[in-house]
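Going left to right, the sequence shown walks through residues 1282 to 1475 as my numbering numbers them.
Just so you know, even glycine gets a beta-carbon here, dropped at the ideal spot from N, CA and C.
Nothing here was measured: the structure is a model prediction, and the numbers come from that model.
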Amino acid sequence: MQRRSNAYHISVLAVLVAIVIIQNIVPFFGYIPLPGLSITTIHVTVIIAAVVLGPRDGAIVGGIWGIIDWIRAFVAPTSALAPIVFTNPLISVVPRILIGVVAGWIFIWFQKRQHRTLGFTLAGVAGALTNTVLVLGLIGLLYSHQAAGFYQINLSKLMPYLLAVVASNGVPEAILAGILTPLIGTPLLRFKKA
């Protein structure tokens, strides 16, 4: 039985890593470009890895996304701001790793209290917001002058602008993750136990 469990674990991890790679390569699959930014769907794959396989594997899948994003900032940026900010691994890699850690531990906490569905939903929302808040917060903290120039706004208006981006991008991404995580995660966990 342990051999089957290990095979399941490795298979699901490999499939989720492959999905993250595909989401980064296929246009409009992982990033939906908008003027000045892009809406991300890749975080859902990282969150699924975290709730189905655990925070460590969620961090691995998130780290792979972050490394791909970091490399992409040099060779094929997803936005005009990407070569400025995503070449810094603190912005491109660390928040992606933390998606898996945060989502995985939130799910574990709720699952221990027999609230699995709520755990799926909140892990999805928290994972998505972890990504959005950390990426935009670090951009505002580390690259405020460059970001203000890029967005053509006064430096004093950068943080309100970034908070508006959190509301316009982060909230829909969090809602998407909150809906998709239980829909995808529930059958994967059920199959894991079968």
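Length at least 4, wholly inside the region 1397 to 1434: the alpha helix (DSSP H) runs in chain order: 1397 to 1423, 1425 to 1432
Nearest residue (CA-CA) to Pro1468, options Val1447, Lys1438, Thr1398: Thr1398
Where the alpha helix (DSSP H) through Gln1392 begins and ends: Note, Gln1392: alpha helix (DSSP H), 1375 to 1393.
Cβ neighbour criterion (16 or more within 10 Å) applied to Ser1292: Exposed is the call here.
Contact set for Val1383: own chain, Cβ-Cβ below 7 Å, skip 5 residues either direction: Shown here for Val1383: same chain residues with a beta carbon closer than 7 Å to its own, the five before and five after excluded, namely Ala1407, Gly1408, Thr1411 in chain order.
Counted within 10 angstroms of its Cβ, other Cβ atoms place Pro1441 as buried (16 or more) or exposed: The residue in question, Pro1441, is exposed, as its Cβ has fewer than 16 Cβ neighbours within 10 Å.
Sequence-distant residues of the same chain with beta carbon closer than 6 Å to Pro1477, five excluded per side: With the chain covering 1282 to 1475 only, the question about residue 1477 has no answer from this structure.
CB of Ala1404 within 8 Å of CB of Val1327, strictly: no
Beta-carbon proximity of Val1374 to Gly1347, cut-off 8 Å: For the 8 Å CB-CB criterion, Val1374 and Gly1347 form a contact.
Rounded distance between the beta-carbons of Asn1305 and Arg1377, thought under 8 Å: The beta-carbon distance between Arg1377 and Asn1305, rounded to whole angstroms, is 11 Å. This is too long to meet the 8 Å contact definition.
Asn1305, DSSP secondary structure in three states: In the structure shown, Asn1305 sits in a helix (DSSP, three-state: H, G or I).
Nonlocal neighbours in the same chain, by C-beta distance under 8 Å from Phe1355, ignoring five residues either side: Pro1364, Thr1368
Opening and closing residue of the alpha helix (DSSP H) in which Pro1336 lies: 1336 to 1356
Assumed close pair Gly1421, Ala1428 - CB separation to whole angstroms, cut-off 8 Å: 7 Å
Distance between Ser1425 and Leu1294 (C-alpha atoms, nearest Å): 37 Å
Within 8 Å, strictly: CB atoms of Val1366 and Val1301: Contact: no.
Residue burial classification, Ala1458 (beta-carbon count within 10 angstroms, cutoff 16): Classification for Ala1458: buried.
Whether Ile1329 touches Leu1297 by CB criterion (8 Å): yes
Helix, strand or coil at Ser1286 [DSSP, three-state]: helix
Within 8 Å, strictly: CB atoms of Thr1413 and Pro1463: no
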